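**Student:**
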Amino acid sequence: MKLIRTIISEVVEGVIKRFSGSGRPEETFEDREYLQHYGFTSRPLADAEGVVLMQGNQIFLIASDDRRYRIAIEDGEVALYTDEGDKIHLKRNKEILVSSGKKITINAPEVIVNADTSAKVISPVVELGQAAGHLKLMNENLEILFNTHTHSGVSSGSSNSGMPNQLSGSAHKTANLKST
């Protein structure tokens with residue numbers, strides 16, 4: 004049995020994932036099986052590195068890596084990442100970092116968020132997918148404030164009204180969210 008380092012030239016998706024690549028001088032692998040762990044899958048780019056397990060005519064790619072895009076992590080950390088910079092990084096001190104250059108999508112019939120209410124909120128509204136008809140999460144106290152507020156300086160015509168008479172305060176903050 005031999006372990007051989009290879010440079011991957013292509014990976015083809017299918018019921019059986021297959022790869023092509025080159026190993027030692029004058030050695031090529033064409034349309035060979037690429038084994039992966041259950042629940043995890045990846046499709047390495049051309050010129051990524053791999054480890055091939057070879058026993059006679061049985062040849063399998065058993066690991067892949069691409070040092071061009073590997074991110075630096077600390078001892079004990081774990082990360083999933085792409086060549087485009089997106090990542091899920093399980094960091095030390097029980098911190099998880101999710102980074103996307105464009106968009107994060109969650110498909111689920113229910114989303115539960117438990118958070119420290121003293122934490123800074125970056126956005127007051129979280130939009131949840133079009134399948135739910137533009138569902139938004141809103142604090143129940145904020146909904147009451149919105150539905151019962153009045154304005155000063157209201158006049159007929161196209162002019163603007165004054166500021167609301169009721170302003171949001173600490174009484175309108177909560178960790179309990181409901182869909183509207």
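Just so we're aligned: 79 in our numbering is position 76 of the sequence shown, and the numbers increase by one with no gaps anywhere. Even glycine gets a Cβ: it sits at the ideal position worked out from N, Cα and C. This structure is a prediction, so every number in the text was calculated from the model and none was measured.
What first and last residue would you give for the beta strand (DSSP E) that runs through T44?
**Tutor:** First-last for T44: undefined, no H or E at that position.
**Student:** Which residue comes first and which comes last in the beta strand (DSSP E) that contains R71?
**Tutor:** That residue, R71, is in no beta strand (DSSP E); it is neither H nor E in DSSP.
**Student:** Does DSSP put I147 in a helix, in a strand, or in coil?
**Tutor:** DSSP places I147 in helix when its eight states are reduced to three.
**Student:** With 16 other CB atoms within 10 Å as the buried threshold, where does L83 fall?
**Tutor:** That one is exposed.
**Student:** Please list the terminal residues of the continuous beta strand (DSSP E) segment that includes T31.
**Tutor:** That run of the beta strand (DSSP E) goes 31-37.
**Student:** To the nearest angstrom, how far is it from the Cα of R27 to the Cα of N60?
**Tutor:** Approximately 16 Å between the Cα atoms of the pair.
**Student:** For E52, which of helix, strand or coil comes out of DSSP?
**Tutor:** It is a strand residue.
**Student:** Output the distance between the C-alpha atoms of D78 and K97, rounded to the nearest integer angstrom.
**Tutor:** Distance between the alpha carbons of D78 and K97: 13 Å.
**Student:** State the DSSP-derived secondary structure class of R8, mapped to helix, strand or coil.
**Tutor:** Here R8 sits in strand by DSSP.
**Student:** Going by the CB atoms, is the gap between Y72 and D89 shorter than 8 Å?
**Tutor:** The answer is no: Cβ separation not under 8 Å.
**Student:** Given a threshold of 16 other Cβ atoms within 10 Å of its Cβ, counted over all protein chains shown, does I11 qualify as buried or as exposed?
**Tutor:** It is buried - the Cβ of I11 has at least 16 other Cβ atoms within 10 Å.
**Student:** Helix, strand or coil for A75 per DSSP?
**Tutor:** The answer is coil: DSSP assigns A75 none of H, G, I, E or B.
**Student:** Can you find the residues in the same chain that come closer than 6 Å, C-beta to C-beta, to A49, ignoring five residues on each side of it along the sequence?
**Tutor:** Excluding sequence neighbours, A49 sits near S12.
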